[in-house]
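Just below is one structure, and these are the notes that go with it.
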Amino acid sequence: MTRTDRILNAARRRIVGQGWLDASVWCMALGVAVATVVLAVPKFEPRFPAFEPVRTLAIGVGSGLLLALLIACWRRPDRLRTAVKVDHAFGLKDRLGSTVALPEDLAVTPAGQCLVRETEKSLESIDLAAGLAFRRPRRLWMPLVPLAVAIGVIMLPETVTRGTQARASSTTEKDDRVAKKSDALAKKLAEQRKAQADNLSAPTAQLMAELQKAAEDLAKSPPAEKSEALAALNQLSDSVRERQKQLGSTEKMASQLQQLKQMASDGPADDFAKDLAKGRFDQAASDLKSLAEKARDGKLSDADKEKLQKQLGEMAKQLDKMASLDQKKKQLEDALKNGGLTKEQFQEEMTKLNQQAANMKQLKELAQQLQQAQQAMQQGNSQQASENLAQAQQQLQQMAQQMQETQSLDEALAQLQEAKDAMAGDGDLANQLGDMMQGGNALGDMLGNQPNPNGMGRGRGQGDREEAPDKTASYDTRVKMELGKGKYQLKGFGQPGEQTKGRSVIDGGTVEAAVSEASADALSNQRIPRKLQKDVREYFDRIRQPE
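For what it's worth, my numbering labels the leading residue of the sequence shown as 15, then goes sequentially.
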């Protein structure tokens, strides 16, 4: 190894060492900062394990130094760049750089040999320790900043972190509660789905399966915020209500069928009429099946056939009348023209009628089948009447299945609401609203406008200001007047003195009416947060529904 090679290797080591010193400042600061974060996280998040402070800081510093060494080695110069740095450091006028860059074919020439000897002679008088001495890195204070923060985190009082740990524990309890309630909801939905699997149509069965899967997913991975869980349950409730709209209101149809109770009895179709009037479609279908078999087998006497014919005609007439929505729409239009309904109320009632259209269509089809059976019996065709009654029986079975689906959806909706109430807190929604609205202006409290608990002092308060003390006194007086029937009139606000007879123009009934009207005014100055508006609306809808 020539002297030139030894000088180049030594110079490269010094350049790499200086690069390591320069990079170590930033890398140590980064390592200590990461160690500080590792020490701080367990103090505010108990779910993460705590580490020993000294060892953590030592690992951070060591990792920073190792990273600085890797950076210095990666950025180390090659032979030519090292030679150029040596030339600049000792003023060799690019002799060493020219020698290193000299091609081999030129190095063997006399001129090349002369350049090599001149360079080696120049290198004999240089001192690398003086020309390439290690210098102090800039911003040497940088690692002290995260180190000071780390010391502050280590010495953080326990009282500061206790509240955070308590909140974390509360959050964990809430997550557990959400998971438990979601798991219980999934089990209830699974049991309900299994028990009524044969009575549900394909869309309803698919919806119940989706509800069960969503509840299971919510139990496995509960969201971080309780509001997110409530929002997920609200979406499931909306899906159930949408399916209920598609099926229609069987309760409304059942209430209309109660008019069949007024139909004349004493006939073969008495049981069928009673069950149909009570909304028991499955039992009514069974009764109709029995009538169809009797008509087909000729087990009905002439008197029974006449009575059955009369009953079927009367029921068909009443069912067709119930299924007609034209008269109801005309009544709504007349009420809108006469001012009895507003446009909003008219649209709402029309929407309800449109939702009942599917159910009314079923009633109309049932009425047509009963009417066809009645006509067949008039013609003496018992076989055709039996077939028409069998078709009516199938229609009733579909209506019974639809009612069972509606009841299943109602149960699922109730279970979802129960889970929402349980996730919302220990109490029900009414208690939460009472706590939220307690203290007068709840909106001001939520925006940070906290009143002074003592009533007086600096800051914005609530209510009327207390009246300043004033000099007052009481007095006794006698009034010369005659009391009797009639009214009296009070006049003036001057000093008390002699009063004269008069009449009062104060009407007690008017005052009482005004007071009762004022007491019934709504509280329009209090607003409910957006995330609770839907739950509040559902709560009041439930308490308005009749038992």
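Even for Gly, the Cβ is constructed at its ideal location relative to N, Cα and C.
With distances taken Cα to Cα, identify the nearest neighbour of residue 147 among 395, 32, 549. With respect to the C-alpha of residue 147, the residue from 395, 32, 549 having the closest C-alpha is 32.
By the three-class DSSP mapping on this structure, what secondary structure does residue 147 have? Note: residue 147 maps to coil in three-state DSSP.
Quick one, which of 544, 428, 543, 412 has its alpha-carbon nearest residue 555's? Residue 555 has its Cα closest to that of 428, out of 544, 428, 543, 412.
Taking residue 244 as the reference, give the member of 228, 22, 256 with the closest Cα. If we check each option's Cα against that of residue 244, 228 comes out closest.
Under 7 Å between C-beta atoms, does residue 72 make it to chain D? This model lacks chain D altogether; it includes just one protein chain.
Pick from 203, 209, 231 that is closest to residue 221, judged by C-alpha positions: Comparing alpha carbon positions, the residue from 203, 209, 231 closest to residue 221 is 203.
Excluding five sequence neighbours on each side, which residues of the same chain lie with their C-beta closer than 6 Å to the C-beta of residue 286? Shown here for residue 286: same chain residues with a beta carbon closer than 6 Å to its own, the five before and five after excluded, namely 298, 301, 302 in chain order.
Proximity winner among 368, 362, 390, 21, relative to residue 11 (alpha-carbon distances): Nothing can be reported for residue 11, as the shown portion of the chain is limited to 15 through 561.
Identify, in the order they occur along the chain, each residue of the same chain with its Cβ nearer than 7 Å to the Cβ of residue 40, setting aside the five sequence neighbours on each side. When the five nearest sequence neighbours on each side are left out, the beta carbons in the same chain lying within less than 7 Å of the beta carbon of residue 40 are those of 156, in order along the chain.
Length of the line joining the Cα atoms of residue 323 and residue 386: About 10 Å.
Pairwise C-alpha distance: residue 132 and residue 44: Spanning the alpha carbons of residue 44 and residue 132 requires a straight line of approximately 47 Å.
To the nearest angstrom, how far is it from the Cα of residue 76 to the Cα of residue 142? About 29 Å.
Boundaries (first-last residue) of the alpha helix (DSSP H) holding residue 40: For residue 40, the uninterrupted alpha helix (DSSP H) segment begins and ends at 17 to 58.
Would you tell me roughly how many angstroms separate the C-alpha atoms of residue 161 and residue 35, rounded to the nearest one? Rounded to the nearest whole angstrom, the CA to CA distance from residue 161 to residue 35 is 19 Å.
Alpha-carbon spacing of residue 129 relative to residue 70, whole angstroms: Whole-angstrom Cα-Cα distance: 56 Å.
Going straight from the alpha carbon of residue 127 to that of residue 121, what length do you get? Between the alpha carbons of residue 127 and residue 121 lies a gap of roughly 6 Å.
Could you tell me if residue 321 is buried or exposed, where buried requires 16 or more neighbouring beta carbons within 10 angstroms of its beta carbon? It counts as buried.
Determine, using beta carbons only, whether residue 97 and residue 114 come nearer to each other than 7 Å. Yes, they are a contact pair.
Can you give me the C-alpha to C-alpha distance between residue 389 and residue 399, rounded to a whole angstrom? As the crow flies, the alpha-carbon of residue 389 is around 8 Å from that of residue 399.
Inter-residue Cα distance where the pair is residue 159 and residue 54: Between residue 159 and residue 54, the C-alpha separation is close to 15 Å.
Over the uninterrupted alpha helix (DSSP H) stretch that includes residue 88, give me the two end residues. Here the alpha helix (DSSP H) through residue 88 covers 67 to 88.
Quick test of your reading: residue 241 and residue 430, contact by CB under 8 Å. State the CB separation rounded to the nearest angstrom. Rounded, the Cβ-Cβ distance is 16 Å, inconsistent with contact.
I'd like to check one pair, residue 145 with residue 104: are the Cβ atoms closer than 7 Å? Contact flag set, yes.
Measure the alpha-carbon distance for residue 394 versus residue 313 and round it to whole angstroms. The C-alpha of residue 394 lies about 14 Å from the C-alpha of residue 313.
Look up residue 554 in the DSSP assignment and say whether it is helix, strand or coil. Helix at residue 554.
Minimum length 4: unbroken alpha helix (DSSP H) runs contained in the region 273 to 352: Listed in chain order, they are 284 to 291, 295 to 311, 316 to 337, 340 to 351.
Please determine, among 19, 152, 226, the residue with the shortest C-alpha to C-alpha distance to residue 100. That would be 19, whose Cα lies nearest to the Cα of residue 100.
In whole angstroms, what separates the C-alpha of residue 168 from that of residue 82? Residue 168 and residue 82: Cα-Cα distance of roughly 26 Å.
Between residue 407 and the ligand FAD, is there a pair consisting of the residue's CB and a ligand heavy atom that are separated by less than 6 Å? Looking for the ligand FAD in the displayed structure turns up nothing, as the structure carries no ligands at all.
Do you know offhand how far residue 62's Cα is from residue 542's? So the two alpha carbons sit approximately 37 Å from each other.
Between the C-alpha atoms of residue 255 and residue 379, what's the straight-line distance to the nearest angstrom? Going by C-alpha positions, residue 255 is about 26 Å away from residue 379.
The alpha helix (DSSP H) spanning residue 136 covers which residue range? Unbroken alpha helix (DSSP H) run through residue 136: 124 to 137.
Taking all protein chains shown into account, decide if residue 375 is buried (16 or more other Cβ within 10 angstroms of its Cβ) or exposed. With fewer than 16 neighbouring CB atoms inside 10 Å of its own CB, residue 375 falls in the exposed class.
State the DSSP-derived secondary structure class of residue 393, mapped to helix, strand or coil. Shown here, residue 393 sits in coil according to DSSP, grouped into three states, outside any helix or strand.
In three-state DSSP terms, what is residue 468? Low local confidence applies: a pLDDT of 49 at residue 468 is under 50, so the model's placement there is unreliable, and no value is given.
What is the rounded straight-line gap between the Cα of residue 402 and the Cα of residue 325? Spanning the two alpha carbons is a distance of roughly 15 Å.
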